[in-house]
Amino acid sequence: MLGFELDFWDYATFVIAALAGGATILIYIWIAGLPGRIALSRGHPEAEAVKLMGWAGLLPTVLPWIQAFIWAFRPTDVVDVRRFPREEQEAIEAENARLRGALDKSKHAPAVADAAADKSS
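Letter by letter, the sequence shown follows residues 34 to 154 in our numbering.
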């Protein structure tokens, strides 16, 4: 069909190109989520907003992602006037624990599904 035979090196080239494309996508995903992971690990009060800005900021331009990266490291003093500062800190810690739990569940979801399939069979 192509006028020549494909040999081992042609197939090796296709495999390497597919692996390079997959690695590029994984690196992009890791970099896009970096500000959110940093904000969560530092107990940032607006960790969810930093995470969303990191993901959305890498799509059109790089500037919003850079702002999210800086925001993840910057300490912010947020005091909700409806609560005392101690209660506000407890609410922030509870929200960050909820977000970490959601990340842990998404990481372990395939393993849980595989374990459930193994038990049923």
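Cβ atoms here follow ideal geometry from the backbone N, Cα and C, with glycine treated the same way.
Does the distance from the CB of residue i to the CB of residue j come in under 9 Å?
i, j, result
"Ala-72", "Glu-79", "yes"
"Pro-68", "Phe-102", "yes"
"His-77", "Ala-105", "yes"
"Glu-81", "Leu-132", "yes"
Among the residues of its own chain, which have a CB less than 8 Å from the CB of residue i, if the five just before and after it don't count?
i, result
"Gly-66", "Lys-84, Gly-87 and Trp-88"
"Ile-99", "Gly-90"
Take residue i and list the residues in its own chain whose beta-carbon comes closer than 7 Å to its own, dropping the five residues that flank it on each side.
i, result
"Asn-129", "Leu-73, Gly-76 and Ala-80"
Is any heavy atom of the ligand SAM found at a distance shorter than 8 Å from the C-beta of residue i?
i, result
"Pro-93", "No copy of the ligand SAM appears in this structure; indeed no ligand is present at all."
Excluding the 5 residues flanking residue i on each side, which residues of the same chain have their C-beta closer than 6 Å to its C-beta?
i, result
"Ile-125", "Pro-78"
Minimum length 4: unbroken alpha helix (DSSP H) runs contained in the region 67-109: Counting only runs of 4 or more, we get 80-90 and 96-106.
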